[in-house]
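Participant: Got a structure here, written out as C-alpha cells. Questions coming.
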Amino acid sequence: MKIQAQPLFTKLLSEMGPQGWWPARNHWEIILGAILVQNTNWRNVARSLNQLELATNLEPQKIAVLPLADLQAYIRPSGFYINKSRAIQTIFQWLATYDFALETVKAAYGSQLRNQLLTIRGIGDETADVLLVYVFKEVTFIADKYAQKLFTRIYGQPFTSYRQLKKSVLLPATFTNEQAQEFHGLIVEFGKCYLKKEAAWQSSFLTDFDPTPSILS
DNA sequence: GGCCAGGACACCA
DNA sequence: TGGTGTCATGGC
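Numbering (my numbering), first residue to last: 447 to 663.
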C-alpha cells in the first residue's frame with residue numbers, strides 16, 4: 447500500500463498552522479535532543495540539555511571532549527544514559543574530524559550519509575532521519591511512533607514498524623526540506639494533543655479528512 | 001505504584 | 001524479516 451502524503455500534510459498545516467520544528471537554537475542542540483529523546487519524555491530531555499548548556503554552552507568542540515563520566519552525569523535525567531552518552535560522544539567526535547562543518551560532511555558522504563549515520567551505535571532509523579531532515583537539510587519522511595499511530599488510524603491498516611510505514615509513504619516530488627521539517631513537527635504535535643485519547647480523536651478535525659484519494663494501491 | 005515517553009540493539013527462530 | 005527483552009529516568 448502506497449500513500450501520498452500531500453493531502454494529510456496540507457490538512458494538518460491548515461488546521462494547526464506552522465509548528466516551527468525542531469525546537470532548538472542550533473544544530474548541536476538538535477543532535478543532542480534527537481539522541482536524548484529516544485523513548486524518553488521531552489521534559490527529561492530539557493533537563494539534560496540545560497545541564498549540557500551550563501557545562502559546554504552547547505559548543506560542539508566542548509561537547510566532543512567532555513569526559514564520558516561528566517557527559518553521563520549531565521544526561522542522566524534522560525535515561526539510558528550509558529548508551530546515549532556513547533552515541534553523543536561518537537557523533538561529535540566524528541563531526542570534529544570535519545571541524546564541525548556540516549556542509550563538508552554532507553558533501554563527503556552524499557547519498558551514503560544515512561548509512562554512515564547508521565553505523566554509529568545508538569543511532570537508528572528514526573534518529574538518522576531526524577538528523578538528515580533537521581541538521582543536513584535533506585527531504586525524507588520520519589516514520590516515528592506518532593506517525594505510525596496516525597497513519598494506522600487514518601488509513602485503517604496497521605503500520606507497526608518504522609520501515610514499513612516509511613516505504614509506504616510517498617512525499618511529493620516538490621516537497622522541500624522546510625516542508626519535511628514541518629510535517630514531522632505537525633505529526634508529533636498532533637500526536638501529543640489528540641492521539642492519546644479516543645474522545646479527543648473523535649472530536650478532532652481529522653474526522654472529516656477523507657484518506658481515500660491519497661491511497662495509491 | 002504502575003505505566004509511559006518523539007528508540008536502539010542484541011539475540012533468537 | 002520479525003518478535004522479545006533490555007537499557008534508565010522522571011512525571012503523572
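Even for Gly, the Cβ is constructed at its ideal location relative to N, Cα and C. On a predicted model such as this, the values are computed, not experimentally measured, just so you know.
Any heavy atom of the ligand MG closer than 8 Å to the CB of L563?
Facilitator: Of the ligands one can find in the structure shown there are none, so the ligand MG has no counterpart to examine.
Participant: What are the boundary residues of the alpha helix (DSSP H) that includes S614?
Facilitator: Where S614 is concerned, the enclosing alpha helix (DSSP H) stretches over Y608 to S614.
Participant: To the nearest angstrom, report how far apart V491 and V483 are at their CA atoms.
Facilitator: When rounded, the distance between both Cα atoms is 6 Å.
Participant: State yes or no: is the C-beta of H630 within less than 9 Å of the C-beta of A574?
Facilitator: Not closer than 9 Å, so no.
Participant: Would you grab the beta carbon distance between T586 and L578 for me? Rounded to a whole angstrom, and I think it's under 8 Å.
Facilitator: With 8 Å as the limit, T586 and L578 qualify as a contact, their Cβ atoms being about 6 Å apart.
Participant: If we require 3 or more residues per run, which beta strand (DSSP E) segments fall completely within the region 499 to 546?
Facilitator: The region 499 to 546 contains no whole beta strand (DSSP E) run of 3 or more residues.
Participant: Kindly identify the DSSP beta-bridge partner or partners of Q450.
Facilitator: BP columns for Q450 point to L616.
Participant: Under 8 Å by Cβ, that's how I've got E572 and Q465 pegged, so tell me the actual separation to the nearest angstrom.
Facilitator: Actually they do not touch by this definition, with Cβ atoms about 18 Å apart.
Participant: Could you pull out every residue in the same chain whose Cβ sits closer than 8 Å to the Cβ of M462, ignoring the five residues on either side in sequence?
Facilitator: Closer than 8 Å at the Cβ level, and outside the excluded window around M462, lie L632, E635 and F636.
Participant: Checking the sheet assignment: what are the DSSP bridge partners for N661?
Facilitator: Checking the sequence, you will find Ile at residue 661 rather than Asn. Answer by DSSP bridge pairing, in chain order: I449.
Participant: Using the Cα positions of L517 and A480, report the straight-line distance between them to the nearest angstrom.
Facilitator: L517 and A480: Cα-Cα distance of roughly 16 Å.
Participant: State whether the region 541 to 553 contacts the region 522 to 532, with contact taken as three or more CB pairs (one from each stretch) at a distance under 8 Å.
Facilitator: Cβ pair count under 8 Å is below three, so no.
Participant: Determine the burial state of D654: buried for a count of at least 16 other Cβ atoms within 10 Å of its Cβ, exposed for fewer.
Facilitator: Exposed: under 16 other Cβ atoms inside 10 Å.
Participant: Smallest Cα separation from L662: which of Q625, S614 and L652?
Facilitator: Measuring from the Cα of L662, the nearest candidate turns out to be S614.
Participant: I think L478 touches L495, with their Cβ atoms under 8 Å apart; what is that distance to the nearest whole Å?
Facilitator: Confirmed, about 6 Å.
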